[in-house]
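K.L.:
Right, I'll just put the structure down here and ask away after.
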Amino acid sequence: MPNDQYEEEALPFATIGTDEAKKMIEAGARVIDVRQPDEWVRGHIPEAELVPISGIYSFGKALKDL
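Once you know that position 60 of the sequence shown is 79 in my numbering, the rest is easy, because the numbers rise by one and skip nothing.
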């Protein structure tokens with residue numbers, strides 16, 4: 020299916036399992052949770068930073084300055 024190829028090329032992320040995620044967090048990876056605050060309070064990864072999807076663009080620009 021041609022569309023699948025384009026979707027894969029356009030997606031700048033990969034799916035990983037929990038073990039790999041834990042290793043990445045321990046190595047200093049940042050976890051960005053893009054849900055809304057009411058979803059965040061129901062549960063989140065302890066190391067995660069809350070950046071609601073509505074603010075992700077300005078957050079991304081700020082990351083470039085780090």
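C-beta: ideal position from N, C-alpha, C; glycine also.
Quick caveat, the model's predicted, so the values are computed rather than measured.
Looking at the secondary structure, which residues open and close the alpha helix (DSSP H) in which Ala40 lies?
P.N.:
Counting along the chain, the alpha helix (DSSP H) containing Ala40 begins and ends at Thr37 to Glu45.
K.L.:
By DSSP, does Ile75 sit in helix, in strand, or in coil?
P.N.:
In this structure, Ile75 counts as helix in the three-state DSSP scheme.
K.L.:
So, for Glu66: in the same chain, excluding its five sequence neighbours on each side, which residues have a beta-carbon less than 7 Å away from its beta-carbon?
P.N.:
The residues are Ile44 and Val50.
K.L.:
Give me whichever residues DSSP pairs with Glu68 in a beta bridge.
P.N.:
Per DSSP, Ile51.
K.L.:
Does DSSP put Pro56 in a helix, a strand or coil?
P.N.:
Three-state DSSP puts Pro56 in a helix.
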